[in-house]
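Below: one structure, written as structure tokens.
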Amino acid sequence: MVLEKFELKGKTAIITGAGTGLGRAMALAMADAGADIYGAARRLEPLEETKALVEAKGRRMEVGTTDVTDTAQVNAMAADAIAKFGRIDILVNNAGITDRGRGKTFPELDDEDWRVGIDVNLSSAFYCSRAVVPHFLENGGGNIINLTSGWGFRGGRNNFMYSVAKGGVIQLTKALAMTYARENIRCTCIAPGLIPKGIEENRRDQMNGFQPVGRVGWPREMGPLAVFLASDASAYMSGETVLLDGGAIAGGLLPAGYAPEAEG
Amino acid sequence: MAVQIPVPPMDIPADEYDSGGNPFDLSGRHALVTGATGPLGRALAVGLAEAGADVSLTTLGDDATEELAARSISAAVTALGRRSAVRRVDLTDPAAVAAAVAGIESDVAPLDILVNAQHGANIKSVLKASLADWQRELDRNATSVFVATQAVGKGMVERGYGRIITLVSILHDRGVPNAAIYGASQGAVLGFTKSLGLEWGRNGVTVNALGLGFYDDIPGIQSDEEIHAILEKYIPLRRLGKPEDLQGAVVYLSSELAAFVDSESFVIDGAIQVHA
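Top line first, the protein sequences correspond to chains A and B. This note's numbering applies: residue 1 is where the first sequence begins, and numbers increase by one. This note's numbering applies: residue 1 is where the second sequence begins, and numbers increase by one.
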């Protein structure tokens, strides 16, 4: 039965950045699919909020404060998750920041801006994947889901580290998929478009017109896609980056919503 | 003159983070799978039905044995407790397809999901191909998609909801000798998908593709025995795809919460696209 292929019963997922936004949405959807969750993030309080929501669904969640740019902390995170759950089946490399160096021109960016921007958005996925792959190999397989962005495909104006790092994440996905295809480790990548969080505080009405589908996304739309990629429902997929972006990257040749007047 | 497509009113969900319940349940939806006569059509139709959808089918207009096959797939759908209509129709004939769609919608319900699964592969060198070969390949793989999508999409746009999913070989993007004509037909379909998703995106109708690698039971370069044997070792996941491998993706892309996936192609290929 096809719906059984989407189930994650008996599986455990590490999700970085699980306290807020898309990370929280993925944790809730994976919990609905039957998975237990290990959430990692810099701040404990949002993780505890996600944990309460996951536990309300009858699933277990453990949390660990982790700076994903620090190899020692990342290795400790993986060890803690394995110690607490016995095994890890899924890693979601979700943590990232967009705002490093904001307001600076290109020549004003210093080495530290560059290093931090690349570290958080690209190296973190490398550190976390490196920390869990030996465990996946011992277990006979595993599943890695990376998060990129439309800026990984296109040029972000004054958005250097993020664009470069997210382009790198797409390539990391392909290299991991190719390297471990025979060891039953799949690696895929999601490119979310504009999916703001906070119903009240954001200005959705103003942003909707800039999207081909006429609206920005909701974090809840991220969950089912993550479950699909983490589950046997996508068993023959690996190395692929899928877009959840309201058509943004398919377009871009005209401003969203504009069309040449059609004949007839 | 430039036209601006109006922004539709926005629905605010009860919970912005929680997708809730089973987001892959397609109960109450009605899907049409075109060209559903072989193992591919069976896997797609049965997968959608297992997820709860009513599933109707079309077969080519010129072959009674294919109609029998489609009726057998339809019987598998109704055995799951879902409704199903079958029409034998030439997918390059707009009037006949419009009539078939009207009949299917009248028999079962308005269509919410269209899966363009009509597919064939003519492996031929360009120097030996005739203009008729070229036109037949484009008709079978691309014209059929235009005609069916137009016929079903009209009602979807009016009703403000639809999921259109078209099977496209990864030869839309990559090359194989002696597959230029087939590849061209696949490129046509992908280009159609990308623009149409943007054309209908503000009407609640998403248009996406399933990018196929090499599958057993789906025509392509792998239909050659020696190529098949080479691919078994060459594909990173070490096997050719099975039609059942497409069930999860077609169910996901058909689901309500896939609304923000538009003009996109999900490549399901055992990772051959990342092969050097």
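Cβ atoms here follow ideal geometry from the backbone N, Cα and C, with glycine treated the same way.
Checklist entry - Hey, does B:L114 have any beta-carbon neighbour from chain A nearer than 8 Å? => result Judged by the 8 Å Cβ criterion, B:L114 is not in contact with chain A.
Next on the checklist: Determine whether the beta carbon atoms of B:S84 and B:L57 lie at a separation below 8 Å.
Outcome noted: Contact: yes.
Checklist entry - In chain order, what residues of the same chain lie with their CB nearer than 6 Å to the CB of B:I272, ignoring the 5 residues before and after it? => result G213, I235
Item to check | 7 Å Cβ cut-off: residues of chain B touching A:N208 | outcome: V7, M10
Checklist entry - Straight-line CA distance for B:G241 to B:P177? => result 21 Å
Checklist entry - So which residues of chain B does A:V266 contact, with C-beta pairs closer than 7 Å? => result Lying before the first or after the last residue shown, residue 266 of chain A is absent from chain A, which here runs from 1 to 264.
Item to check | Test: A:M237 CB closer than 8 Å to a CB of chain B | outcome: yes
Checklist entry - In three-state DSSP terms, what is A:Y236? => result coil
Checklist entry - What residues from chain B crowd round A:K197, counting only those whose CB sits closer than 9 Å? => result E16, Y17
Item to check | Against chain B: residues of the stretch 113-124 of chain A by CB proximity under 7 Å | outcome: Cβ contacts with chain B: none found.
Checklist entry - In whole angstroms, what separates the C-alpha of A:I15 from that of A:D99? => result Going by the C-alpha atoms only, they are around 21 Å apart.
Checklist entry - Relative to the C-alpha of B:A100, which residue among B:D173, B:G160, B:Q150, B:G220 is closest? => result Checked all of B:D173, B:G160, B:Q150, B:G220; the closest Cα to B:A100 is B:Q150.
Checklist entry - By the criterion of Cβ-Cβ separation under 8 Å, what are the contact partners of A:L319 in chain B? => result A query on residue 319 of chain A cannot be resolved here, the shown segment of chain A reaching from 1 to 264 and no further.
Next on the checklist: Could you check whether the Cβ of A:G223 sits closer than 8 Å to any Cβ belonging to chain B?
Outcome noted: True, the Cβ-Cβ gap to chain B drops below 8 Å.
Next on the checklist: On the CB-based measure, 16 or more other CB atoms within 10 Å of its CB, does A:F136 come out buried or exposed?
Outcome noted: buried
Checklist entry - Which residues of chain B have a Cβ atom closer than 7 Å to the Cβ of A:R204, listed in chain order? => result M10
Next on the checklist: Quick check on the DSSP output: the alpha helix (DSSP H) that includes A:N139 runs from which residue to which?
Outcome noted: Annotation: the continuous alpha helix (DSSP H) that includes A:N139 extends over 124-139.
Checklist entry - In chain B, what lies closer than 8 Å to A:L28 by C-beta? => result Y17, D18, S19
Item to check | Separation of B:A64 from A:A248, as counted between CA atoms | outcome: 44 Å
Item to check | Residue from B:I164, B:D93, B:P219, B:A132 with nearest C-alpha to B:L111 | outcome: Out of B:I164, B:D93, B:P219, B:A132, B:I164 has the C-alpha closest to the C-alpha of B:L111.
Next on the checklist: Out of B:L196, B:L68, B:T37, which one is the CA nearest neighbour of B:V157?
Outcome noted: B:L196
Checklist entry - Per DSSP, B:L57 forms a beta bridge with which residues? => result According to DSSP, which records beta bridges pairwise, B:L57 is partnered with B:V33, B:V86.
Checklist entry - Given a threshold of 16 other Cβ atoms within 10 Å of its Cβ, counted over all protein chains shown, does A:R203 qualify as buried or as exposed? => result exposed
Checklist entry - Taking Cβ positions, are A:S231 and A:K5 nearer each other than 8 Å? => result Cβ distance < 8 Å, so A:S231 and A:K5 count as in contact.
Checklist entry - In the stretch 105-130 of chain B, which residues sit with their C-beta less than 9 Å from some C-beta in chain A, listed in chain order? => result Against chain A - using a Cβ distance shorter than 9 Å - the stretch 105-130 of chain B contributes no residues.
Item to check | Neighbour list for A:E48 in chain B, Cβ cutoff strictly below 7 Å | outcome: Per Cβ cutoff of 7 Å: no residues; A:E48 is ~15 Å from chain B at best.
Checklist entry - Using CA coordinates, which residue listed in A:G10, A:L229, A:E62, A:G19 is at the minimum distance from A:N146? => result A:L229
Checklist entry - Which residue from A:I195, A:P224, A:G246 puts its Cα closest to that of A:T20? => result Checking every option, the nearest Cα to that of A:T20 belongs to A:I195.
Checklist entry - According to a CB-to-CB cut-off of less than 8 Å, which residues of the stretch 56-87 of chain A neighbour chain B? => result none
Checklist entry - A:T241 bridges to which residues according to DSSP? => result A:C189
Item to check | Cβ-based contacts, 7 Å cut-off: residues of the stretch 76-94 of chain B near chain A | outcome: none
Checklist entry - Hey, is the stretch 118-127 of chain A in contact with the stretch 86-96 of chain A, meaning 3+ C-beta pairs nearer than 8 Å? => result yes
Checklist entry - Going by beta carbon distance, what residues of the same chain come within less than 6 Å of A:G23, once the five residues before and after it are set aside? => result Closer than 6 Å at the Cβ level, and outside the excluded window around A:G23, lie I15, G17, N94.
Checklist entry - For B:E278, which residues from the same chain have a beta carbon less than 8 Å from its beta carbon, with the 5 sequence-adjacent residues on both sides left out? => result Because chain B is modelled from 1 through 276, residue 278 of chain B falls outside the range shown and cannot be assessed.
Next on the checklist: Suppose contacts are defined by Cβ-Cβ distances below 8 Å. Is B:V267 in contact with B:G220 by that definition?
Outcome noted: Taking 8 Å as the cut-off, the Cβ atoms of B:V267 and B:G220 do not count as close.
Checklist entry - Can you tell me where the alpha helix (DSSP H) with A:V120 in it begins and where it stops? => result Segment: none, A:V120 is in no alpha helix (DSSP H) and carries neither H nor E.
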